[in-house]
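**Q** Residue 44 in numbering that gives the first Met the number 0 sits at position 45 of the sequence shown, with consecutive numbering throughout. Backbone N, C-alpha and C fix where the C-beta goes; we use that ideal spot for every residue, glycine too. Values in this document were obtained by computation on a predicted structure and should not be read as measured data.
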Amino acid sequence: MKFEYLIEGGDFIRAGHASSDIKKILNQLNLDPAIVRRIAVSMYEAEVNVVAHAFRGVMKVNINPERILVLVEDEGPGIPDIAQAMQEGYSTASDKVREMGFGAGMGLSNMKKNTDILDIHSAINRGTVVKMTTFTKSGAS
Numbered sequence: 000m001k002f003e004y005l006i007e008g009g010d011f012i013r014a015g016h017a018s019s020d021i022k023k024i025l026n027q028l029n030l031d032p033a034i035v036r037r038i039a040v041s042m043y044e045a046e047v048n049v050v051a052h053a054f055r056g057v058m059k060v061n062i063n064p065e066r067i068l069v070l071v072e073d074e075g076p077g078i079p080d081i082a083q084a085m086q087e088g089y090s091t092a093s094d095k096v097r098e099m100g101f102g103a104g105m106g107l108s109n110m111k112k113n114t115d116i117l118d119i120h121s122a123i124n125r126g127t128v129v130k131m132t133t134f135t136k137s138g139a140s
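Structure follows, in structure tokens:
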């Protein structure tokens, strides 16, 4: 099963829509609740990062019995130093974003903790591509 979601930069009202939608689908497929939670957390963090930092993005989700693949591609400023951005607490979020309760610098590290494979590529002034793979272990039934 494949799903695609458009994400608009600055649209904090809809942030979390894709992760919520996929969480419902995975629960309907009777996937292990711990795996569903990991996927929902990593997707939510990715969505919020696009909303907080990019102009727009797309999230593509591919669900199969062995794994869930989430690909997020955004158009934005890019990440100058991915290793630094992976550090817990490091954030480039604006004051406005922080005032709304986002931008604590946990997004990328939470994505890493909640996926089996995390791959990030970024180009300055072009955007970022995040690929998250989570294995289903027991598979979807």
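1) When DSSP labels each residue in this structure, what does asparagine 29 get in the three-state scheme?
2) Could you give the C-beta distance for glutamate 3 and valine 57, rounded to a whole number, given that I count them as a contact under 8 Å?
3) Note down the Cα distance separating asparagine 109 from isoleucine 123, rounded to an integer number of angstroms.
4) Rounded C-beta distance between isoleucine 119 and threonine 132? I'm assuming under 8 Å.
5) Helix, strand or coil for alanine 17? Go by DSSP, reduced to three states.
6) May I ask you to report which of helix, strand or coil DSSP gives methionine 58?
7) Tell me which residue opens and which closes the beta strand (DSSP E) that methionine 85 is part of.
8) So the alpha helix (DSSP H) lysine 1 belongs to, where does it begin and stop?
**A** Once the coordinates are examined:
1) coil
2) 6 Å
3) 23 Å
4) A Cβ-Cβ distance of about 13 Å is found for the pair isoleucine 119 and threonine 132, leaving them out of contact under the 8 Å criterion.
5) helix
6) strand
7) Neither: methionine 85 is in no beta strand (DSSP E) and is coded neither H nor E.
8) Counting along the chain, lysine 1 falls outside any alpha helix (DSSP H), though it belongs to the beta strand (DSSP E) covering 1 to 7.
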